[in-house]
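Working notes for the structure below.
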Amino acid sequence: MTPTILDFTQADDGRDIVHRAVQALAEGQLVGLPTESNYCLVAAAHDLSAVEQASAVAAVIDGEPLLTVAVKSGDEAADWAPGLEPLARRLARRCWPGPLAMLIRGDHPEGLVRQLPSAVQPRLLAADQIRLRAPNHTVLTDCMRLFAGPVVLAEPGNQAAPPITVPELLKCCASSGQPPLVVDAGPLPHGGPVSTIEIAAGRFTMRRQGELDAATLQRMARLLVLFVCTGNTCRSPMAEAIFRDLVARRLGCGPAELEANGVMVASAGLSAWGGSPASDSAIAVVGEQGIDLSGHASQPLTERLARQADVIWTMTAAHRAAILAQFPDLADRVWMLSPGRRDVIDPIGGSQETYRRCAAQIREHLESRIDTLGLAAG
345 MTPTILDFTQ ADDGRDIVHR AVQALAEGQL VGLPTESNYC LVAAAHDLSA VEQASAVAAV
405 IDGEPLLTVA VKSGDEAADW APGLEPLARR LARRCWPGPL AMLIRGDHPE GLVRQLPSAV
465 QPRLLAADQI RLRAPNHTVL TDCMRLFAGP VVLAEPGNQA APPITVPELL KCCASSGQPP
525 LVVDAGPLPH GGPVSTIEIA AGRFTMRRQG ELDAATLQRM ARLLVLFVCT GNTCRSPMAE
585 AIFRDLVARR LGCGPAELEA NGVMVASAGL SAWGGSPASD SAIAVVGEQG IDLSGHASQP
645 LTERLARQAD VIWTMTAAHR AAILAQFPDL ADRVWMLSPG RRDVIDPIGG SQETYRRCAA
705 QIREHLESRI DTLGLAAG
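Residues in the sequence shown are numbered from 345 upward in steps of one, following the numbering used here.
Dropping the structure here:
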């Protein structure tokens with residue numbers, strides 16, 4: 345059977361092609377679609393016949409599921425794997441959509457895998473793990489957005505050199521029967537293998553390296569703790585500096601070595617001007633604790649910084665409310681620094697003693713909070 349090939353690059357309206365692909369998926373067909381890295385075959389996860397066809401052309405990789413579940417985001421990944429590890433959430437937030445597949449525990453009784461037909465489930469699981477990927481190509485992401493249900497990917501051929509053109513995809517499928525419909529988006533400019541990692545017990549192991557190497561993923565995996573106040577010249581810089589000192593002692597390293605030990609610390613202000621130094625009194629007070637704050641430069645809280653952070657600790661309830669008013673979906677990551685939800689006093693314009701009381705309050709709260717992060721040497 346000769347497949348129908350739709351040329352997305354020449355289409356007057358790409359939405360027509362997307363709608364045809366979605367209709368084909370709904371009818372139980374395999375559809376050849378591009379990702380950011382390779383061409384693959386897509387099937388409706390609820391359709392056993394389509395899943396079986398996809399399984400017949402998928403590359404067999406020892407110890408891994410035959411098929412990959414395509415997700416839109418880390419939040420959707422948590423539906424497939426309830427209790428998703430913080431490391432997986434962090435990498436999903438920073439690498440997806442993009443060329444990263446994650447092998448994670450997928451046997452949770454409340455996971456979406458268990459909502460699929462029983463004959464489908466073995467194709468998505470291997471050693472109780474599921475492989476998740478959030479592709480980054482407008483054709484596939486638009487199809488996923490419009491299709492009423494989950495989809496799975498069959499990635500045929502040599503995973504070290506996957507098909508990056510439609511002819512290569514069809515060649516990989518020649519012995520198993522061609523897909524009825526293929527969308528041709530042209531050669532993929534960043535085509536190549538997808539990086540695949542296994543995540544367990546708070547660590548990742550590189551299974552196959554692609555565009556993202558281990559060093560890049562290690563940087564992406566760092567915990568980012570962000571402190572927020574108003575102007576980013578008094579309270580949040582002191583919190584950042586004191587926290588750096590506490591964490592360095594906890595990890596047995598110097599403050600300058602925190603990133604090498606997997607932790608990033610930053611501060612920002614809701615109304616900050618970029619580049620302002622910390623106040624003289626703030627520098628002096630933390631200096632009494634042997635901590636250097638002289639190199640601080642203020643920065644405003646941006647959307648990118650807020651969304652990259654794993655934990656955002658605010659100095660007051662008003663700061664937290666302001667962040668959540670702008671980013672309500674960050675409610676599970678934005679907290680007042682005080683465990684008792686008391687505002688940290690604002691020392692600006694006050695005496696040196698006021699600054700000392702503020703720094704002591706911050707340190708007390710940090711010492712109460714630090715254990716919640718699970719930090720340990722090594």
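Glycine is no exception: its CB is placed at the ideal position from the N, C-alpha and C atoms.
Residue i - DSSP class collapsed to helix/strand/coil
{"i": "Pro-378", "result": "strand"}
{"i": "Cys-597", "result": "coil"}
{"i": "Pro-644", "result": "strand"}
{"i": "Leu-350", "result": "strand"}
{"i": "Gln-724", "result": "Since the first and last residues shown for the chain are 345 and 722, residue 724 lies out of range."}
{"i": "Cys-702", "result": "helix"}
{"i": "Trp-617", "result": "coil"}
{"i": "Phe-571", "result": "strand"}
{"i": "Gly-448", "result": "Residue identity differs from the one stated: residue 448 is Ile in this sequence, not Gly. Ile-448: strand per DSSP, three-state reduction."}
{"i": "Val-607", "result": "strand"}
{"i": "Trp-679", "result": "strand"}
{"i": "Ala-470", "result": "strand"}
{"i": "Ile-692", "result": "coil"}
{"i": "Ala-612", "result": "strand"}
Contacting residues, own chain, Cβ-Cβ under 6 Å from residue i (five flanking each side not counted)
{"i": "Val-415", "result": "Ala-421, Leu-476, Ala-478"}
{"i": "Gln-465", "result": "Val-457"}
{"i": "Gln-350", "result": "The amino acid at residue 350 is misidentified as Gln; the sequence shows Leu. If we look at Leu-350 and ignore the five residues flanking it on each side, its Cβ neighbours are Ile-361, Val-527."}
{"i": "Val-629", "result": "Tyr-699, Arg-700, Ala-703"}
{"i": "Phe-571", "result": "Ser-580, Ala-583, Glu-584, Ser-611, Trp-657"}
Contact check, residue i vs residue j, beta carbons under 7 Å
{"i": "Asp-486", "j": "Val-510", "result": "no"}
{"i": "Pro-533", "j": "Gly-554", "result": "no"}
{"i": "Ser-625", "j": "Gln-696", "result": "yes"}
{"i": "Arg-563", "j": "Leu-719", "result": "no"}
{"i": "Ile-692", "j": "Cys-578", "result": "yes"}
{"i": "Leu-374", "j": "Ala-398", "result": "yes"}
{"i": "Gln-652", "j": "Leu-568", "result": "yes"}
{"i": "Leu-525", "j": "Ala-394", "result": "no"}
{"i": "Cys-573", "j": "Gly-631", "result": "no"}
{"i": "Pro-523", "j": "Leu-469", "result": "no"}
{"i": "Ser-620", "j": "Ser-642", "result": "yes"}
{"i": "Ile-541", "j": "Ile-448", "result": "no"}
Own chain residues within Cβ distance below 7 Å of residue i, not counting five before or after
{"i": "His-452", "result": "Ala-425, Pro-426, Gly-427"}
{"i": "Ala-518", "result": "none"}
{"i": "Pro-443", "result": "Glu-380, Ser-381, Val-538, Ser-539, Gly-554, Glu-555, Leu-556"}
{"i": "Ile-635", "result": "Ala-585, Ile-586, Asp-589"}
Own chain, CB closer than 8 Å to residue i, minus 5 neighbours either side, in chain order
{"i": "Ala-471", "result": "Gly-407"}
{"i": "Ala-661", "result": "Met-680, Arg-685, Asp-687"}
Item to complete: Take every Cβ of the stretch 652–666, pair it with every Cβ of the stretch 678–687, and state whether three or more of those distances are shorter than 8 Å.
Response: yes
Item to complete: Just list the beta strand (DSSP E) runs in the stretch 512–562, keeping only unbroken ones of 3 residues or longer that don't cross its boundaries, in chain order.
Response: 525–528, 539–544, 547–552
Item to complete: Count the CB pairs spanning the stretch 493–503 and the stretch 378–392 that are closer than 8 Å, and state whether there are at least three.
Response: yes
Worksheet item: Going along the chain, which unbroken runs of the beta strand (DSSP E) with 3 or more residues stay wholly within the stretch 369–422?
Response: 375–378, 383–388, 412–414
Discussion item. If contact is defined by three or more beta carbon pairs under 8 Å, each pair taking one atom from either stretch, is the stretch 545–562 in contact with the stretch 394–404?
Written reply: no
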